[in-house]
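Let me begin by presenting the structure, written as structure tokens, before commenting on it.
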Amino acid sequence: MHTKEEILEAFSRLLDIQDELREKCPWDHKQTNESLRPHTIEEVYELCDAIMSDDPKEIQKEMGDVMEHLVFYAMIGREKGLFDMGDVLQKESEKLIFRHPHIYGTQKADNPEEVSKLWEQVKQSEKDGNKTVLSGVPQSLPSLIKAYRIQDKARNVGFDWDKREDVWDKVFEEVAELKAELEKGDKENSEKELGDVLFSIVNAARLYHINPDTALEQTNRKFIQRFGYVEQKAKEQGRDIKGLTLAEMDGLWEEAKRINELTN
0 MHTKEEILEA FSRLLDIQDE LREKCPWDHK QTNESLRPHT IEEVYELCDA IMSDDPKEIQ
60 KEMGDVMEHL VFYAMIGREK GLFDMGDVLQ KESEKLIFRH PHIYGTQKAD NPEEVSKLWE
120 QVKQSEKDGN KTVLSGVPQS LPSLIKAYRI QDKARNVGFD WDKREDVWDK VFEEVAELKA
180 ELEKGDKENS EKELGDVLFS IVNAARLYHI NPDTALEQTN RKFIQRFGYV EQKAKEQGRD
240 IKGLTLAEMD GLWEEAKRIN ELTN
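Residues in the sequence shown are numbered consecutively from 0, following numbering that gives the first Met the number 0.
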């Protein structure tokens with residue numbers, strides 16, 4: 000591992016390289032916050048993919064890509080005379096100290112739950128902090144993650160189930176309401192009820208300390224792997240997957256499932 004001095008030297012090198020690219024590279028020279036934004040989103044998702052795959056080499060690579068974007072935004076801020084990387088780092092350090100009064104102050108928080116509640120309280124008291132409990136949830140978050148964050152923030156101010164087992168009554172109630180609307184053929188109300196079902200499932204996951212986004216992504220990957228097996232087997236038989244019967248696809252699916260269970 001590198002020393003702090005070596006890390007600071009590497010960070011300084013990245014700053015210098017980004018400055019040079021901004022001056023000499025036509026692509027870098029024309030970039031703005033707005034043009035970089037979609038690329039940043041893509042890089043963050045690529046980092047998330049690497050984390051989900053638990054691939055240290057890819058995590059390191061994608062972290063570098065995300066870091067380069069942060070350096071780029073700071074450089075643009077400096078060009079506009081608004082802020083530079085020093086301001087970004089100093090501001091973040093001050094924020095972390097302010098939001099950890101149980102470490103740097105006199106408050107007490109002896110477990111992660113107490114720390115989360117204290118964190119929300121402190122954010123509300125910041126000069127430029129969130130004005131309401133839920134205002135800190137970004138509007139652009141994916142809906143599944145947003146639902147989890149909304150519920151978690153509400154929990155931090157005491158708005159939560161007394162007993163987590165009670166959430167299942169709500170889940171079953173919402174499923175029944177969805178089923179009723181589907182049977183009536185009411186698409187608009189069915190959509191609303193489906194949202195309620197998903198929200199209640201996210202709530203149950205949170206109460207049982209399961210991240211619903213991670214859980215769903217694991218299932219997505221599992222489905223892709225098993226469906227890919229079905230598709231590959233069809234090709235090996237010289238057939239198009241669309242020519243397989245449902246029974247044949249189910250049989251290959253079960254094969255893929257057994258292989259997956261044996262290798263995990």
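Beta carbons: idealized from backbone N, C-alpha and C, even for Gly.
query, result
"Proximal residues to W167 (C-beta, below 8 Å), its chain only, five neighbours per side dropped", "A203"
"R163 and Y207 closer than 8 Å at C-beta", "yes"
"Simplified DSSP assignment, three categories, for E125", "coil"
"Alpha helix (DSSP H) segment containing Q150, residue limits", "142-155"
"Range of the contiguous alpha helix (DSSP H) that encloses Y228", "211-235"
"Cβ contact check for the stretch 62-70 and the stretch 42-51: 3 or more pairs under 8 Å", "yes"
"Best match in V70, E8, E45 for proximity to Q30 [C-alpha to C-alpha]", "V70"
"Buried or exposed (CB count within 10 angstroms, at least 16 for buried), Y44", "exposed"
"A204 (DSSP reduced to helix, strand or coil)", "helix"
"Counted within 10 angstroms of its Cβ, other Cβ atoms place Q150 as buried (16 or more) or exposed", "buried"
"F158 - DSSP class collapsed to helix/strand/coil", "coil"
"Same chain, Cβ closer than 6 Å to K116, neighbours up to 5 away in sequence not counted", "N155"
"Residues near V174 by beta carbon distance below 6 Å, same chain, minus five either side", "V196"
"Cβ-based neighbour list, N32, same chain, cut-off 7 Å, excluding 5 preceding and 5 following", "Y72, I75"
"Top-ranked residue by Cα proximity to R285, from Q120, K23, L133, M84", "Past the edges of the chain, shown from 0 to 263, lies residue 285, and the structure says nothing about it."
"8 Å contact criterion, which V132 and K152 should meet: CB distance rounded", "6 Å"
"Supposed close pair R246, I240 - CB separation, criterion 8 Å", "Before going further, note that residue 246 is Ala rather than Arg in the sequence given. No, A246 and I240 are not in contact; Cβ-Cβ is about 14 Å, not under 8 Å."
"Inter-residue spacing [alpha-carbon to alpha-carbon] between L81 and Q89", "14 Å"
"Nearest neighbour of E67, chosen from A108, R12, P55 [CA to CA]", "R12"
"L215 versus D109, D249, P141, E42, residue with shortest Cα-Cα distance", "P141"
"Local conformation of S199 per DSSP, three classes", "helix"
"Q106 to F158 span [Cα, whole Å]", "22 Å"
"Coil, strand or helix - K130 by DSSP", "coil"
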